[in-house]
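Trainee:
Protein chains: 2
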Amino acid sequence: MNEGVEWAMHSCVNLSWASGEAVTAKRLAAFYNLPTAYLNKQLQALTRAGILTSVSGPKGGFQLARDPRNISLLDIVVAIDGPDDAFRCMEILKEGPGADARADYTKVCVISQAMRGAELTYRRELASRSIADISDEVVRLTPAAPDNTRNRFANLKS
Amino acid sequence: MNEGVEWAMHSCVNLSWASGEAVTAKRLAAFYNLPTAYLNKQLQALTRAGILTSVSGPKGGFQLARDPRNISLLDIVVAIDGPDDAFRCMEILKEGPGADARADYTKVCVISQAMRGAELTYRRELASRSIADISDEVVRLTPAAPDNTRNRFANLKS
DNA sequence: GCTTTAATACTCGGATAAGTCCTGTCCGAGTGATACCGG
DNA sequence: CCGGTATCACTCGGACAGGACTTATCCGAGTATTAAAGC
Numbered sequence: 000m001n002e003g004v005e006w007a008m009h010s011c012v013n014l015s016w017a018s019g020e021a022v023t024a025k026r027l028a029a030f031y032n033l034p035t036a037y038l039n040k041q042l043q044a045l046t047r048a049g050i051l052t053s054v055s056g057p058k059g060g061f062q063l064a065r066d067p068r069n070i071s072l073l074d075i076v077v078a079i080d081g082p083d084d085a086f087r088c089m090e091i092l093k094e095g096p097g098a099d100a101r102a103d104y105t106k107v108c109v110i111s112q113a114m115r116g117a118e119l120t121y122r123r124e125l126a127s128r129s130i131a132d133i134s135d136e137v138v139r140l141t142p143a144a145p146d147n148t149r150n151r152f153a154n155l156k157s
Numbered sequence: 000m001n002e003g004v005e006w007a008m009h010s011c012v013n014l015s016w017a018s019g020e021a022v023t024a025k026r027l028a029a030f031y032n033l034p035t036a037y038l039n040k041q042l043q044a045l046t047r048a049g050i051l052t053s054v055s056g057p058k059g060g061f062q063l064a065r066d067p068r069n070i071s072l073l074d075i076v077v078a079i080d081g082p083d084d085a086f087r088c089m090e091i092l093k094e095g096p097g098a099d100a101r102a103d104y105t106k107v108c109v110i111s112q113a114m115r116g117a118e119l120t121y122r123r124e125l126a127s128r129s130i131a132d133i134s135d136e137v138v139r140l141t142p143a144a145p146d147n148t149r150n151r152f153a154n155l156k157s
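Residue numbers (numbering that gives the first Met the number 0), protein chains in the order written: chain U, 0 to 157; chain B, 0 to 157.
1) Using a C-beta to C-beta distance shorter than 8 Å, which residues of chain B count as neighbours of Arg149(U)?
2) Cα separation between Ser157(U) and Lys58(U)?
3) For Glu136(U), which three-state DSSP category applies?
4) Beta carbon of Met0(B), beta carbon of Val54(B): below 9 Å?
5) Which residues bound the beta strand (DSSP E) around Ser55(U)?
6) Which residue comes first and which comes last in the beta strand (DSSP E) that contains Phe152(B)?
7) At what residue ranges does the region 59–102 of chain U contain a whole run of the alpha helix (DSSP H), taking only runs of 4 or more?
8) Using only alpha-carbon positions, find the residue among Gly81(U), Ala7(U), Cys11(U) that is nearest to Leu63(U).
9) Is DSSP giving Ser127(U) helix, strand or coil here?
10) Give the interface partners of Leu72(U) over in chain B, defined as CB-CB distance under 9 Å, in chain order.
11) Quick one: using the 10 Å Cβ neighbour count with 16 as the cut-off for buried, is Gly116(U) buried or exposed?
12) If you compare alpha carbons, which of Ala78(B), Ala17(B), Glu20(B) is closest to Glu5(B)?
13) Is there a C-beta anywhere in chain B that falls below 9 Å from the one on Phe61(U)?
14) For Gly3(B), report the span of its alpha helix (DSSP H) as first-last.
15) Quick one: is Val109(B) buried, meaning 16 or more other Cβ sit within 10 Å of its Cβ, or exposed?
16) State the beta-bridge partners of Leu51(U) as determined by DSSP.
17) Would Asn39(B) and Ala29(B) be called neighbours here (beta carbons separated by less than 9 Å)?
18) Would a check of beta-carbon distances place Asn69(B) closer than 9 Å to chain U?
19) Grab the span of the alpha helix (DSSP H) containing Thr105(B) for me, first residue to last.
20) Restricting to Cα atoms, I'd like to know which of Gly3(U), Trp16(U), Ser111(U), Ile50(U) is closest to Pro142(U).
21) Is there at least one Cβ from chain B nearer than 9 Å to Trp6(U)'s Cβ?
22) Check whether the Cβ of Glu20(U) lies closer than 9 Å to any Cβ atom in chain B.
23) At a CB-CB cut-off below 8 Å, which residues of chain B make contact with Gly97(U)?
24) Just the C-alpha distance for Arg128(B) and Ser111(U), rounded to the nearest angstrom, thanks.
25) Are Ile91(B) and Ile70(B) touching if we call contact CB-CB under 9 Å?
26) Ends of the alpha helix (DSSP H) at Ala29(B)?
27) Does any C-beta atom of chain B lie closer than 9 Å to the C-beta of Asn39(U)?
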């Protein structure tokens with residue numbers, strides 16, 4: 000899986016604490032010493048997916064496009080890593096004996112079904128967790144986290 | 000995910016129908032018009048993982064190392080694709096403010112926990128399905144499948 | 001002093017290289033069968 | 001005819017290239033600010 004997924008998730012949580020203000024890619028990158036341009040690329044992907052909104056120019060930056068409660072971890076994975084399943088059925092049964100050329104082996108093949116079933120539970124799990132859930136849990140463990148984040152963003156104004 | 004996983008799974012099912020006889024990589028590859036040498040590479044990985052046993056020389060080939068009921072889909076995925084999770088926590092929190100250098104953020108980070116939890120359900124699902132289960136299901140849908148496979152292996156003797 | 005305007009600095013956005021892993025191929029080590037030779 | 005032996009064909013096993021995707025970087029398009037000039 001793409002490493003940018005981790006960056007994107009942490010950035011989204013931080014953005015959820017930014018009190019609605021736009022935050023530049025540079026500041027989000029400085030938070031964890033990440034390469035600015037590359038993080039920017041991930042944020043672009045999130046923007047294309049409708050998770051973030053972007054504003055150019057001075058006073059510009061990124062902010063969440065909707066309520067953190069409506070942004071699931073799966074949304075981020077799909078935006079960064081693509082919509083394809085990890086296991087792609089290549090329908091090798093079509094090359095085997097007694098193959099039916101007009102059958103859709105991605106649905107008929109028992110192995111494909113089993114793998115799809117497993118990935119479905121995986122995706123369901125990720126879809127059930129939102130950025131707001133993550134934020135709430137972090138706040139429960141470290142109540143000062145949002146304030147610390149806002150202060151750090153403010154101190155990076157220079 | 001590695002494409003060889005699909006090949007390995009189908010090959011294991013076919014091997015479970017080979018009535019204990021060793022089958023060469025060449026015949027297993029001919030079954031689906033796969034590149035022989037590359038499939039051989041995957042079968043080597045299965046052998047290293049203890050899923051298959053290999054015999055060199057004439058009359059050689061591969062066979063299942065244990066009862067198909069004790070070979071799970073997860074075993075094959077791990078053997079081919081490696082034991083690492085798709086999502087690897089790089090502990091970027093260690094670069095953030097207020098980081099604790101001696102903390103294990105793969106366990107502390109809430110995001111890492113959520114991702115690990117999702118992958119755990121995924122792996123649990125795969126671990127609960129064995130090659131024997133797949134075989135049984137295929138036989139239920141196509142009772143002649145094992146005989147067809149054996150016949151095809153015999154016809155490829157040339 | 002106020003308005004208009006042009007320059008400016010800063011940001012996102014996409015196009016462009018470097019590195020790493022997956023995919024595919026090849027040849028050598030080892031082994032069992034086979035054919036030949038000698039008794 | 002039978003046993004031993006050397007050859008041989010066949011298989012796995014690991015080492016070796018090619019390609020695709022991820023990672024990383026750079027420069028251009030667009031915009032709000034800012035400063036200056038004109039009225």
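Ideal Cβ positions, reconstructed from N, Cα and C, are used throughout, including at glycine.
Mentor: In terms of the structure at hand:
1) The count along the first sequence starts at 1 and reaches residue 149(U) at position 150. In chain order: nothing, as chain B lies at least about 12 Å away.
2) Position 158 of the first sequence, counted from the first residue, corresponds to residue 157(U). Position 59 of the first sequence, counted from the first residue, corresponds to residue 58(U). Reliability fails at Ser157(U), whose pLDDT of 45 lies under 50, so the model's placement of it is uncertain and no value is given.
3) In the first sequence, counting from the first residue as 1, residue 136(U) sits at position 137. It is helical.
4) Along the second sequence, one-based indexing puts residue 0(B) at 1. Along the second sequence, one-based indexing puts residue 54(B) at 55. Taking C-beta atoms as the reference points, Met0(B) and Val54(B) fail to come closer than 9 Å.
5) As a first step, residue 55(U) must be located in the first sequence, where it is residue number 56. Run containing Ser55(U): none; DSSP gives neither H nor E here.
6) For the purposes of this step, residue 152(B) is taken as residue 153 along the second sequence, with counting starting at 1. Taken as a continuous stretch (DSSP letters only), Phe152(B) belongs to no beta strand (DSSP E), being part of the alpha helix (DSSP H) at 144–154.
7) Whole alpha helix (DSSP H) segments, 4+ residues: 72–80.
8) For the purposes of this step, residue 63(U) is taken as the residue at position 64 of the first sequence. When only C-alpha atoms are compared, the closest one is Cys11(U).
9) Counting from one through the first sequence, the residue named residue 127(U) turns up at place 128. In this structure, Ser127(U) counts as coil in the three-state DSSP scheme.
10) Start at 1 with the first residue of the first sequence, and residue 72(U) comes out as number 73. Here the neighbours are Ile110, Ala113, Met114, Ala117.
11) For the purposes of this step, residue 116(U) is taken as the residue at position 117 of the first sequence. Residue environment analysis places Gly116(U) among the exposed positions, since fewer than 16 neighbouring C-beta atoms fall within 10 angstroms of its C-beta.
12) In the second sequence, counting from the first residue as 1, residue 5(B) sits at position 6. Relative to Glu5(B), the option among Ala78(B), Ala17(B), Glu20(B) whose CA is nearest is Ala78(B).
13) Counted from its first residue, the first sequence places residue 61(U) at position 62. It does not: the Cβ of Phe61(U) has no partner Cβ on chain B nearer than 9 Å.
14) For the purposes of this step, residue 3(B) is taken as residue 4 along the second sequence, with counting starting at 1. 3–15 is the span of the alpha helix (DSSP H), which, as asked, contains Gly3(B).
15) In the second sequence, counting from the first residue as 1, residue 109(B) sits at position 110. By the neighbour-count rule (16 or more Cβ atoms within 10 Å), Val109(B) is buried.
16) Sequence index remark: in the first sequence, residue 51(U) carries index 52 (1-based). Leu63(U), per the DSSP bridge assignment.
17) Start at 1 with the first residue of the second sequence, and residue 39(B) comes out as number 40. Start at 1 with the first residue of the second sequence, and residue 29(B) comes out as number 30. No, the Cβ-Cβ distance between Asn39(B) and Ala29(B) is not below 9 Å.
18) Counted from its first residue, the second sequence places residue 69(B) at position 70. It does not; no Cβ of chain U falls within 9 Å.
19) Residue 105(B) sits at position 106 when you count from the first residue of the second sequence. Here the alpha helix (DSSP H) through Thr105(B) covers 104–107.
20) What you label residue 142(U) is simply residue 143 of the first sequence in a count that begins at 1. Ranking Gly3(U), Trp16(U), Ser111(U), Ile50(U) by CA distance to the CA of Pro142(U) puts Trp16(U) first.
21) Within the first sequence, the letter at position 7 stands for residue 6(U). Yes - at least one Cβ of chain B is within 9 Å of the one on Trp6(U).
22) Along the first sequence, one-based indexing puts residue 20(U) at 21. Interface with chain B (9 Å Cβ-Cβ cutoff): Glu20(U) is excluded.
23) Position 98 of the first sequence, counted from the first residue, corresponds to residue 97(U). Correct list: Asn147.
24) On the second sequence, position 129 is the one that residue 128(B) refers to. On the first sequence, position 112 is the one that residue 111(U) refers to. Distance between the alpha carbons of Arg128(B) and Ser111(U): 12 Å.
25) Counting from one through the second sequence, the residue named residue 91(B) turns up at place 92. Counting from one through the second sequence, the residue named residue 70(B) turns up at place 71. Taking 9 Å as the Cβ cut-off, Ile91(B) and Ile70(B) do not qualify as a contacting pair.
26) Stepping through the second sequence from its first residue, residue 29(B) is reached at position 30. Where Ala29(B) is concerned, the enclosing alpha helix (DSSP H) stretches over 24–31.
27) Stepping through the first sequence from its first residue, residue 39(U) is reached at position 40. Cβ-Cβ to chain B under 9 Å: no for Asn39(U).
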